[in-house]
Amino acid sequence: TKTISKCYVQVTGMTCASCVANIERNLRREDGIHSILVALMAGKAEVRYNPAVIHPAAIAELIRELGFGATVMENYGEGDGILELVVRGMTCASCVHKIESTLMKTNGVLYCSVALATNKAHIKYDPEIVGPRDIIQVIKDLGFTTSLVKKDRSASHLDHKQEIRQWKRSFVVSLVFCVPVMGLMIYMMVMDSQLSDAHTHHNMSNEEMEALHSSMFLEYQLLPGLSVMNFLSFLLCIPVQMFGGWHFYIQAYKALKHKTANMDVLIVLATSIAFVYSFVILLVAMAEKAKVNPVTFFDTPPMLFVFISLGRWLEHVAKGKTSEALARLISLQATEATIVTLGPDNVLLSEEQVDVELVQRGDIVKVIPGGKFPVDGRVIEGHSMVDESLITGEAMPVTKKPGNTVIAGSINQNGSLLISATHVGADTTLSQIVKLVEEAQTSKAPIQQFADKLSGYFVPAIVAVSVVTLFAWIIIGFVDFEIVEKYFLGYNKSISTAEVIIRFAFQASITVLCIACPCSLGLA
Numbered sequence: 001t002k003t004i005s006k007c008y009v010q011v012t013g014m015t016c017a018s019c020v021a022n023i024e025r026n027l028r029r030e031d032g033i034h035s036i037l038v039a040l041m042a043g044k045a046e047v048r049y050n051p052a053v054i055h056p057a058a059i060a061e062l063i064r065e066l067g068f069g070a071t072v073m074e075n076y077g078e079g080d081g082i083l084e085l086v087v088r089g090m091t092c093a094s095c096v097h098k099i100e101s102t103l104m105k106t107n108g109v110l111y112c113s114v115a116l117a118t119n120k121a122h123i124k125y126d127p128e129i130v131g132p133r134d135i136i137q138v139i140k141d142l143g144f145t146t147s148l149v150k151k152d153r154s155a156s157h158l159d160h161k162q163e164i165r166q167w168k169r170s171f172v173v174s175l176v177f178c179v180p181v182m183g184l185m186i187y188m189m190v191m192d193s194q195l196s197d198a199h200t201h202h203n204m205s206n207e208e209m210e211a212l213h214s215s216m217f218l219e220y221q222l223l224p225g226l227s228v229m230n231f232l233s234f235l236l237c238i239p240v241q242m243f244g245g246w247h248f249y250i251q252a253y254k255a256l257k258h259k260t261a262n263m264d265v266l267i268v269l270a271t272s273i274a275f276v277y278s279f280v281i282l283l284v285a286m287a288e289k290a291k292v293n294p295v296t297f298f299d300t301p302p303m304l305f306v307f308i309s310l311g312r313w314l315e316h317v318a319k320g321k322t323s324e325a326l327a328r329l330i331s332l333q334a335t336e337a338t339i340v341t342l343g344p345d346n347v348l349l350s351e352e353q354v355d356v357e358l359v360q361r362g363d364i365v366k367v368i369p370g371g372k373f374p375v376d377g378r379v380i381e382g383h384s385m386v387d388e389s390l391i392t393g394e395a396m397p398v399t400k401k402p403g404n405t406v407i408a409g410s411i412n413q414n415g416s417l418l419i420s421a422t423h424v425g426a427d428t429t430l431s432q433i434v435k436l437v438e439e440a441q442t443s444k445a446p447i448q449q450f451a452d453k454l455s456g457y458f459v460p461a462i463v464a465v466s467v468v469t470l471f472a473w474i475i476i477g478f479v480d481f482e483i484v485e486k487y488f489l490g491y492n493k494s495i496s497t498a499e500v501i502i503r504f505a506f507q508a509s510i511t512v513l514c515i516a517c518p519c520s521l522g523l524a
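The opening position of the sequence shown corresponds to residue 1 in UniProt numbering, with each subsequent residue numbered one higher.
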């Protein structure tokens with residue numbers, strides 16, 4: 001007897017079924033190669049060869065000569081099958097032991113554990129030697145009833161409904177309060193520019209300017225130091241900070257707990273500082289009964305939250321769209337299969353309906369006209385036309401005769417076919433597509449990972465810069481007060497120079513923090 005070994009080769013550059021056929025056809029001719037099975041979506045070939053004649057590296061080289069990329073997959077978990085079963089009728093630990101020991105003695109079972117409390121059995125097996133039906137039969141022979149754990153066939157875990165709702169709510173709240181704040185800002189800008197025009201044309205004195213300025217409704221002081229503008233902005237800002245920013249605060253807290261800084265930390269930092277600083281400045285102004293209204297940053301948080309929550313909302317909507325497509329794909333899978341037993345000369349001996357999950361490699365499956373192919377396989381007998389549009393997009397039915405491959409989920413049209421199962425369970429083309437989409441959804445875009453990595457350095461850097469600004473201005477102020485006086489307009493002459501310097505330094509450093517907050521990074 002010659003020994004047969006098995007190896008897996010990762011194949012790149014395959015585009016369609018003809019590439020697969022090309023590789024299989026050419027490799028079968030080679031000496032020492034017993035059989036070859038190529039999965040297009042997974043991009044891997046399973047080759048059974050005679051190690052005395054040929055070795056895996058040579059096989060990969062043969063595939064490379066055909067114009068594809070090929071690398072031998074070392075330590076590839078020999079494609080172990082995993083089976084989850086519900087076992088009923090167990091009463092005590094000895095039942096558990098009986099099942100486990102009998103299964104472990106079965107040829108091809110690699111690992112088995114049975115839990116009495118949950119009535120579940122977890123079994124690893126080698127699909128080459130044994131299959132799920134054999135294992136179920138073994139358990140049934142011991143006198144227990146057993147069935148497969150029903151998998152959730154819908155893609156409900158990917159529909160992002162909850163996130164879409166949460167970000168939409170966050171966006172709407174921020175937007176409702178942001179619009180008035182922006183309106184106030186624009187109004188102030190327009191009025192300011194008109195005033196400065198008036199100032200240049202009519203040579204008014206500064207006193208008249210200030211009188212005119214304070215006569216504007218928004219600059220009117222409700223209490224000394226508290227203008228209508230600032231009061232309204234403050235009122236509009238609170239709900240945004242509380243409700244619009246709620247999710248950002250949660251995410252930021254989680255990130256900081258793990259000692260990392262992501263985008264959310266930056267957003268929270270900038271908005272909170274802008275909000276708290278503006279609030280404190282207002283209180284100080286009211287305490288001092290200031291004549292000139294302080295400059296506040298109440299417009300920063302609402303606008304930032306609006307844009308970012310809009311972005312997050314759109315992102316989740318887009319992800320939800322793919323999962324709709326995914327749910328449709330999953331619904332295309334057949335749920336049952338008709339397995340037949342063939343005698344000599346392909347005579348039908350018996351047939352039985354089983355769950356798709358129970359189809360084993362090498363099983364002969366009968367597909368009637370109008371039926372779906374439950375697994376990927378190769379036609380053994382019969383001629384038919386098959387609608388493969390779900391995978392290829394080709395509307396015209398494809399002729400299938402013995403030797404052709406068929407794809408799970410495609411629809412058999414006019415003839416009855418017998419196929420031999422080549423890829424079952426998670427290896428079928430359809431399952432691979434579903435898996436690819438799931439992976440694409442759960443992984444981040446490379447640029448997004450890059451932004452997150454950057455923000456890890458960006459947060460400390462910006463905080464450092466603003467601290468440097470703070471100290472720089474304090475030093476400048478104490479060395480040469482005139483510079484501060486030149487830039488810090490309208491400060492109250494009655495307060496000490498030290499206080500003026502510190503307050504100006506703070507204003508400068510907060511401005512740095514608010515403006516350099518990663519609006520650009522985060523929004524992008």
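Glycine included, every Cβ here is placed at the ideal spot set by N, Cα and C.
For clarity, every value in this text was computed on a predicted model and none was experimentally measured.
Annotation: SER18 to CYS178 spans about 57 Å, alpha carbon to alpha carbon.
For LYS291, the closest of GLY225, VAL284, LYS319, VAL306 by C-alpha to C-alpha distance is GLY225. In terms of Cα proximity to ALA42, the closest of VAL406, PRO294, THR428, ASP345 is THR428.
Less than 8 Å separates the beta-carbon of MET385 from that of GLN413.
Using a 10 angstroms sphere on the CB of PRO369, the tally of other CB atoms stays under 16, which defines it as exposed.
For LEU37, the enclosing beta strand (DSSP E) covers residues 33-39. Here the alpha carbon of LYS140 sits roughly 17 Å from the alpha carbon of LEU116. Listed in chain order, the beta strand (DSSP E) elements of length 3 or more contained wholly in the stretch 131-185 are 145-148. Following the DSSP letters along the chain, one finds ARG378 inside the beta strand (DSSP E) bounded by residues 376-381. The beta-bridge partner set that DSSP reports for LYS372 consists of ILE411. Taking 8 Å as the cut-off, the Cβ atoms of GLY409 and VAL379 do not count as close.
LYS120 sits in a strand when the DSSP states are folded into three classes. The count of Cβ pairs closer than 8 Å, one atom from the stretch 166-183 and one from the stretch 241-255, reaches three, so the stretches are in contact. Per DSSP, the unbroken beta strand (DSSP E) holding ARG88 starts and ends at 81-88. Contact between ALA121 and VAL114 holds, with the beta-carbon distance rounding to 5 Å and staying under 8 Å. Under a 10 Å Cβ-count criterion, LYS259 is classified as exposed, with fewer than 16 other Cβ atoms of the shown protein chains found around its own Cβ. Excluding sequence positions up to five before and after GLU100, its CB lies within less than 8 Å of the CB of CYS112, SER113, VAL114, all in the same chain and listed in chain order. Boundaries of the alpha helix (DSSP H) harbouring LEU310: 300-331, taken from the DSSP string.
Residues VAL367, VAL379, GLY382, SER384 of the same chain have their beta carbon placed closer than 6 Å to that of LEU417, with the five preceding and five following residues left out of the count.
DSSP links CYS92 through a beta bridge to no other residue.
In the DSSP secondary-structure assignment, ARG361 is not bridged to any residue. DSSP places ASP387 in the strand class (E or B) of the three-state scheme. The bridge partners DSSP lists for GLY69 are THR12. Between ALA327 and VAL356, the gap from beta carbon to beta carbon reaches 8 Å or more. Residue range 246-257 is occupied by the alpha helix (DSSP H) that includes GLN251. When rounded, the separation of the alpha-carbon atoms in PRO180 and THR300 is 13 Å. Looking only at TYR253, GLY69, ASP363, the smallest Cα-Cα distance to VAL268 is reached by TYR253.
Between the stretch 496-513 and the stretch 465-474, the count of Cβ pairs shorter than 8 Å is three or higher; the stretches touch. Apart from the 5 residues on each side of it in sequence, ASN26 sits with its Cβ closer than 8 Å to the Cβ of LEU62, LEU66 in its chain, given in chain order. Residue pairing by DSSP puts SER350 in a beta bridge opposite THR341. DSSP places ALA445 in the coil class of the three-state scheme, outside both helix and strand. Apart from sequence neighbours up to five positions away, the residues of its chain that approach ALA70 with a beta-carbon distance below 6 Å are VAL9, VAL11, ALA60, ILE63, ARG64, ordered along the chain. For SER420, there is no enclosing alpha helix (DSSP H); the residue is found in the beta strand (DSSP E) stretching over 417-423. Judged by DSSP secondary structure, LYS486 falls outside any beta strand (DSSP E) and instead within the alpha helix (DSSP H) spanning 481-487. In the structure shown, the three-state DSSP call for ARG29 is coil. For VAL398, there is no enclosing alpha helix (DSSP H); the residue is found in the beta strand (DSSP E) stretching over 398-400.
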